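So the sequence shown is numbered by UniProt numbering: it starts at 1 and just counts up by one.
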Amino acid sequence: MLHTILLTVLLLCILGTGIVAVIIPDLFSSVVLFGSFSFFVVLAYLMLSAPDVAFTEVVISVVSTAYFVTAVREFKKGER
């Protein structure tokens, strides 16, 4: 029962961060929310007993978040 409740709360967090990351106008905030989204997805994979998929998601999300942060920083340099 507790597992189901925790997974439901986690899925609501995934849904919330995904929607807000798309709607929010600030690019850096969107990238941070994307990282949070990936973290919640990793927790969901771990709760569903898929540590191999969770590990892959961690690696991909860290690399892609780093690229996104660099891209936003370079984009903001070009606006000046």
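Ideal Cβ positions, reconstructed from N, Cα and C, are used throughout, including at glycine. As the structure is a prediction and not an experimental result, all values here were calculated from the model.
- Three or more Cβ pairs closer than 8 Å define a contact, and the region 67-75 falls short of that threshold against the region 44-52.
- Across the structure, Leu46 and Asp26 are spaced so that their CA atoms are roughly 31 Å apart.
- In the three-state reduction of the DSSP assignment, Met1 falls in the coil class.
- Beyond the five residues adjoining it in sequence on each side, Ala44 comes within less than 6 Å, by CB distance, of Leu10 in the same chain, given in chain order.
- Setting aside the 5 residues that flank it on each side, Gly35 is surrounded in the same chain by Ser61 and Thr65, each with a C-beta closer than 7 Å to its C-beta; the list follows chain order.
- In terms of Cα proximity to Gly18, the closest of Thr70, Ala71, Val59 and Phe39 is Phe39.
- Close CB contacts of Val41 within its chain, under the 7 Å cut and outside five residues either way in sequence, are with Ile14 and Glu57 (chain order).
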